[in-house]
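Following: one structure in structure tokens, then a few remarks.
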Amino acid sequence: ERTVQRIAAGEVVERPASVVKELVENSLDAGASRVAVSVEAGGTEGIRVRDDGVGISGDQLEAAVAEHATSKIGDIEDLDRGVATLGFRGEALYTVGAVSRLTVRSRPPDAEAGAEITVAGGDVGEVRPAGCPAGTTVEVDDLFYNTPAREKFLKRTATEFDHVNTVVTGYALANPDVAVSLEHDGRETFATEGNGDLRSAVLAVYGREVAESMIDVAWSPDGAGADDDPGDDGAPVRRVTGLVSHPETTRSTREYLSTYVNGRYVTASALREATLEAYGGQLAPDRYPFAVLFVEVPAGDVDVNVHPRKLEVRFDEEPAVRAAVESAVEEALLDHGL
Ligand code: ADP
Ligand code: MG
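Take 11 as the starting number for the sequence shown in the UniProt record's numbering and just add one per residue.
Written out as structure tokens, the structure reads:
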């Protein structure tokens with residue numbers, strides 16, 4: 011059994027992107043079918059995440075922003091999935107409220123009226139009635155305004171926005187059935203349709219050239235195809251699915267190799283390396299393909315390690331995982347005569 015180490019709040023809110031990550035995760039936990047993220051100045055001046063999920067009733071708002079608001083059974087579900095929610099444990103809103111001006115405004119779909127609460131630098135205000143659509147809007151203004159030491163570490167606006175973009179893109183690709191949008195300083199960066207189609211999400215995020223170059227990956231250990239229920243037959247890798255780009259559709263960085271383990275976005279050099287291996291000599295020097303790969307392994311075989319803020323994972327059966335990913339991508343390319 012694994013325990014996920016809790017780390018100190020101030021250390022967890024590293025930058026705007028870490029706030030965005032937690033807010034988007036909350037929206038997805040709330041069963042949202044739309045998640046709209048908008049940030050100002052890379053998120054340093056403002057972050058707003060709006061969803062149409064189950065909402066928070068007025069009498070629960072205070073608890074939602076309180077310390078240890080929830081002793082979440084979700085941990086068990088997370089352990090089942092094998093990759094725990096990283097970072098804050100049941101106190102993201104509390105933590106963010108301590109280092110910003112936070113407003114949570116919400117209305118459960120069956121409630122007649124909405125309500126809101128504001129926390130400024132840890133001071134929790136009164137719950138007030140608020141007119142709002144069904145769902146939840148969380149606004150985070152002036153992040154780190156009261157923690158100059160942390161503020162100092164913020165990078166240029168463009169760099170902070172890159173991090174935000176990476177996070178939101180990661181969730182958008184992992185959840186093609188949710189309409190995810192991102193706006194920066196009032197301009198739309200992307201908006202997925204939420205129609206359940208991964209290729210359509212890739213089109214929204216990376217554009218037509220990339221989407222059209224994408225090749226389907228669908229691998230399972232017995233070669234039965236990825237549509238069948240993989241079951242639990244003890245195989246170290248149950249399924250590898252997703253999309254990879256044609257070897258001529260590349261970029262000069264590895265950052266477009268997105269990998270997910272049991273549905274969660276992770277960085278695992280083993281997965282990236284195996285993907286690149288599969289292309290053999292087909293990539294030009296220092297060029298990297300696009301990939302959106304979902305790897306399913308038995309929950310007990312994957313370990314969140316090193317530092318919870320980083321999304322590194324380690325596999326018990328790493329050679330088998332590498333081999334599976336490499337075969338999966340190789341077969342997909344071969345299918346296209348590559
Ligand atoms: P955790 O998500 O780990 O429970 P958070 O501090 O992120 O902790 O959120 C506290 C609680 O507030 C959640 O458990 C949930 O009940 C509620 N909550 C937060 N964001 C949302 C949202 N977007 N929609 C519905 N409920 C939410
Ligand atoms: Mg949360």
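Idealized CB from N, CA, C, for every residue including glycine.
These numbers were taken from a predicted model, which means no experiment stands behind them.
Span of the beta strand (DSSP E) around residue i
{"i": "Glu-328", "result": "Where Glu-328 is concerned, there is no enclosing beta strand (DSSP E), although the alpha helix (DSSP H) it sits in stretches over 328-345."}
{"i": "Glu-126", "result": "124-130"}
{"i": "Asp-151", "result": "145-151"}
{"i": "Ser-262", "result": "Counting along the chain, Ser-262 falls outside any beta strand (DSSP E), and DSSP gives it neither H nor E."}
{"i": "Ser-279", "result": "Where Ser-279 is concerned, there is no enclosing beta strand (DSSP E), although the alpha helix (DSSP H) it sits in stretches over 279-288."}
Beta-bridge pairing of residue i - partner residues as DSSP gives them
{"i": "Leu-303", "result": "Gly-252 and Thr-269"}
{"i": "Gly-56", "result": "Glu-50 and Asp-151"}
{"i": "Asp-133", "result": "Ala-130"}
{"i": "Val-227", "result": "Gly-252"}
{"i": "Gly-139", "result": "Residue identity check: residue 139 is Pro in the sequence provided, not Gly. Beta-bridge pairing links Pro-139 to Ala-125."}
{"i": "Arg-209", "result": "DSSP lists no partner for Arg-209."}
{"i": "Ser-191", "result": "Ala-46 and Ala-201"}
{"i": "Arg-25", "result": "BP columns for Arg-25 are empty, so no partner."}
{"i": "Asp-313", "result": "Arg-324"}
Residue i CB to nearest heavy atom of ligand 2 below 7 Å
{"i": "Glu-77", "result": "no"}
{"i": "Ala-214", "result": "no"}
{"i": "Ala-102", "result": "yes"}
{"i": "Glu-24", "result": "no"}
{"i": "Glu-32", "result": "yes"}
heavy atom of ligand 1 below 7 Å from residue i C-beta
{"i": "Thr-146", "result": "yes"}
{"i": "Glu-126", "result": "no"}
{"i": "Ser-37", "result": "yes"}
{"i": "Ile-225", "result": "no"}
{"i": "Gly-63", "result": "yes"}
{"i": "Ile-57", "result": "no"}
{"i": "Ala-27", "result": "no"}
Distance CB(residue i)-CB(residue j) smaller than 8 Å
{"i": "Ser-191", "j": "Val-64", "result": "no"}
{"i": "Phe-171", "j": "Gly-56", "result": "no"}
{"i": "Val-30", "j": "Val-174", "result": "yes"}
{"i": "Ala-284", "j": "Val-212", "result": "no"}
{"i": "Thr-105", "j": "Val-23", "result": "yes"}
{"i": "Ile-127", "j": "Leu-208", "result": "no"}
{"i": "Ala-245", "j": "Pro-257", "result": "no"}
{"i": "Ser-114", "j": "Gly-68", "result": "Here residue 114 is Val; the residue named in the question, Ser, does not match the sequence. It is not a contact, given that the beta carbons lie outside the stated cut-off."}
{"i": "Gly-107", "j": "Val-75", "result": "yes"}
Residue interval of the alpha helix (DSSP H) (run including residue i)
{"i": "Pro-158", "result": "158-161"}
{"i": "Ser-48", "result": "Where Ser-48 is concerned, there is no enclosing alpha helix (DSSP H), although the beta strand (DSSP E) it sits in stretches over 44-50."}
{"i": "Gly-107", "result": "102-108"}
{"i": "Thr-167", "result": "167-184"}
{"i": "Tyr-275", "result": "Not the alpha helix (DSSP H): Tyr-275 falls in the beta strand (DSSP E), residues 274-276."}
{"i": "Leu-164", "result": "No alpha helix (DSSP H) contains Leu-164, which DSSP labels as neither H nor E."}
Contact test: residue i Cβ vs ligand 3 heavy atom, cutoff 7 Å
{"i": "Ser-337", "result": "Inclusion of ligand 3 in the displayed structure is not the case, the ligand content consisting of ligand 1 and ligand 2 alone."}
Residue-chain proximity (residue i, chain C), Cβ-Cβ < 8 Å
{"i": "Ala-182", "result": "Absent here is chain C; the protein component of the structure consists of one chain."}
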